[in-house]
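Q: With the first letter of the sequence shown counted as 1, position 68 gets the number 72 in my numbering; the numbers rise by one all the way through. Backbone N, C-alpha and C define an ideal beta-carbon position, used for all residues, glycine too.
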Amino acid sequence: MDFNQLSGLVEDSIRALKVDPALCRGAKPGQWSIIYKGATVWIDAFNFQDNPNRWYFQVMSPLVAVPDKNQESFFQNLLEINHTLYGSWISKKNDWTYVMFLREADGLELSEIGATLDRVAYYSSDYQGKLKFKFEGSWLPKPTPTSSGSSDGPPSK
Numbered sequence: 005m006d007f008n009q010l011s012g013l014v015e016d017s018i019r020a021l022k023v024d025p026a027l028c029r030g031a032k033p034g035q036w037s038i039i040y041k042g043a044t045v046w047i048d049a050f051n052f053q054d055n056p057n058r059w060y061f062q063v064m065s066p067l068v069a070v071p072d073k074n075q076e077s078f079f080q081n082l083l084e085i086n087h088t089l090y091g092s093w094i095s096k097k098n099d100w101t102y103v104m105f106l107r108e109a110d111g112l113e114l115s116e117i118g119a120t121l122d123r124v125a126y127y128s129s130d131y132q133g134k135l136k137f138k139f140e141g142s143w144l145p146k147p148t149p150t151s152s153g154s155s156d157g158p159p160s161k
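1) On the three-state DSSP scale, how would you describe PHE78?
2) Can you give the Cα-Cα distance for ASP24 and SER11, rounded to whole angstroms?
3) What would DSSP say about LYS96, mapped onto helix, strand or coil?
4) Taking the continuous beta strand (DSSP E) assigned at ARG58, which residues delimit it?
5) What did DSSP end up calling ASP130 once you bin it into helix, strand or coil?
6) Buried or exposed: ILE47, going by 16 or more other Cβ atoms within 10 Å of its Cβ?
7) To the nearest angstrom, how far is the alpha carbon of PHE139 from that of ASP72?
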């Protein structure tokens, strides 16, 4: 599967959600961002320079920041949640956790993209609320963002 085929499938899947894919495109080709089922969902089509003919499909949704306190219990909970997930997993990068899915694009079908978007968005929305409730008070207050563009939200992918 090449980039144009993969992008076409992703955009068809976004259209199936009754959303204009042109409004979801990111800064670079192969990036889309949507709000679906109450979750921010990032979709990526990418390859690596050392193997430019092999394309990958990734769906990722920011879950919660790693808490400042109760980290051992927090990570234990994430491991137990991971065991219950189907077709996706929770990962950690830097100070954030994510629900994600990644696979090679070869053989990817429209129905799998739709099912993946459903799962990642559902799990992210559902577990975000549960984790924030269970670990309430575990995050230290963060400074209010200023007009200089600082933010305490998730980093870019």
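A: According to the structure shown:
1) For PHE78, the three-state secondary structure derived from DSSP is helix.
2) 14 angstroms
3) The answer is strand: DSSP assigns LYS96 an E or B state.
4) First-last of the beta strand (DSSP E) with ARG58: 55 to 69.
5) helix
6) buried
7) 10 angstroms
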